[in-house]
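Asker: For the UniProt record's numbering, add 6 to where a residue sits in the sequence shown, where the first one is 1.
For glycine and all other residues, C-beta sits at the position ideal for the given N, C-alpha and C.
Submitted below is the structure of interest, expressed as structure tokens.
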Amino acid sequence: IKRVTTHTLQDMKGRGEKISMLTAYDYSMATIVDAGGTDVILVGDSASNVMAGHETTLPITLDQMIYHASSVVRAAKRALIVVDLPFGTYQGNSKEALNSAIRIMKESGAHAVKLEGGVEIAESITRILTAGIPVMGHLGLTPQSIYKFGTYTVRAKEEAEAAKLKQDALKLQELGCFGIVIEKIPAQLGKEVSESLSIPTIGIGAGQHCDGQVLVIHDMLGLNKGFKPRFLRQYANLYEDMNKAIQNYVSDVKGGSFPNEKEQY
Ligand code: KIV
Ligand code: NA
Numbered sequence: 007i008k009r010v011t012t013h014t015l016q017d018m019k020g021r022g023e024k025i026s027m028l029t030a031y032d033y034s035m036a037t038i039v040d041a042g043g044t045d046v047i048l049v050g051d052s053a054s055n056v057m058a059g060h061e062t063t064l065p066i067t068l069d070q071m072i073y074h075a076s077s078v079v080r081a082a083k084r085a086l087i088v089v090d091l092p093f094g095t096y097q098g099n100s101k102e103a104l105n106s107a108i109r110i111m112k113e114s115g116a117h118a119v120k121l122e123g124g125v126e127i128a129e130s131i132t133r134i135l136t137a138g139i140p141v142m143g144h145l146g147l148t149p150q151s152i153y154k155f156g157t158y159t160v161r162a163k164e165e166a167e168a169a170k171l172k173q174d175a176l177k178l179q180e181l182g183c184f185g186i187v188i189e190k191i192p193a194q195l196g197k198e199v200s201e202s203l204s205i206p207t208i209g210i211g212a213g214q215h216c217d218g219q220v221l222v223i224h225d226m227l228g229l230n231k232g233f234k235p236r237f238l239r240q241y242a243n244l245y246e247d248m249n250k251a252i253q254n255y256v257s258d259v260k261g262g263s264f265p266n267e268k269e270q271y
């Protein structure tokens, strides 16, 4: 199996082939995500929500991200593995940003890091890139800034914020990022940004003109009961399937039908 690299993604954009990206946080799930042909696996700080049960992505630590990332690295044979730098490990201090990125690369074996923000974090991005670590950007709805935004609604609907996002996207490309996640923005803006860049855009709630798409694996598999924003297409209903399996197990144990004669020594 040939490993997907940042260069592969650039070539894909060049020939108009869409890029598929999904999150994973553990060995078993990442094995399935990789085997399904996903180009990029994101060890997202959404682990804070779906793995740890926090309301936001802010509490997850660098050590916890490294634990998730190293589990994914042991599973994925083909996908490019990108890891989120968590909140508080890169903003406002480029030396700390570099140290955080180096720890992720060294201790997990992942291939790239992702940071939220535009021109404000330019110095951190440059410093990480200078060390030879590929960087992915993330613009639009950036969940680490949720307390600034106040809500999880669509970003950049107004001209000023849209103009800033376009500038930030160009800046990230100029700095040397290999791609940019654009989250929850109008499809028209997603189109304009994607067309204005030579590096690939990966959208989530950013419309069909992005160069690729990303979803949180728990959301697309229907493991997050009741979470159904407009941008989410649910490809399975694992909450229901697993709930039924567990109810059947409990009932078999209580009724004495598990284990049967063939299921014992
Ligand atoms: O943490 C995450 O899952 C993400 C994606 C939604 C892009 O950043
Ligand atoms: Na994230």
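With DSSP as the reference, label residue 1 as helix, strand or coil.
Answerer: For the chain, the structure presents residues 7 to 271; residue 1 sits outside this window and is missing.
Asker: Which residues mark the beginning and the end of the beta strand (DSSP E) in which Thr207 is found?
Answerer: 207 to 210
Asker: For the beta strand (DSSP E) holding Lys120, just list the boundary residues, first then last.
Answerer: 118 to 120
Asker: For Pro140, count neighbouring Cβ atoms within 10 angstroms of its own Cβ and tell me buried if that reaches 16, exposed if not.
Answerer: When all chains shown are included, Pro140 counts as buried.
Asker: What are the boundary residues of the beta strand (DSSP E) that includes His74?
Answerer: Looking at the DSSP string, His74 is not in any beta strand (DSSP E); the run it does join, the alpha helix (DSSP H), is 68 to 81.
Asker: Pairs of beta-carbons, one from the region 172 to 183 and one from the region 148 to 159, closer than 8 Å: are there three or more?
Answerer: no
Asker: Collect the residues with a C-beta less than 5 Å away from any heavy atom of ligand 2 and give them in sequence order along the chain.
Answerer: Gly50, Asp51, Asp90
Asker: For Val187, is the beta carbon positioned less than 7 Å from some heavy atom of ligand 1?
Answerer: yes
Asker: Does Asn55 pass the burial test, meaning 16 or more other C-beta atoms within 10 Å, or should it be called exposed?
Answerer: buried
Asker: Is Leu227 near ligand 1, judged by its Cβ being under 7 Å from some heavy atom?
Answerer: no
Asker: How far does the alpha helix (DSSP H) with Thr14 in it extend, from its first residue to its last?
Answerer: 12 to 20
Asker: Out of curiosity, what's the CA-to-CA distance linking Ile188 and Gly261?
Answerer: 51 Å
Asker: Kindly indicate which residue of Lys268, Val222, Glu269 has the alpha-carbon position closest to the one of Ser52.
Answerer: Val222
Asker: What's the call for Ala166, buried or exposed, on a 16-neighbour Cβ count within 10 Å?
Answerer: exposed
Asker: Express the C-alpha separation of Leu195 and His144 in angstroms, rounding to a whole number.
Answerer: 15 Å
Asker: Can you tell me which of the three DSSP states residue 274 falls into?
Answerer: In the structure displayed, the chain extends from 7 to 271; residue 274 sits before or after that span and is not available.
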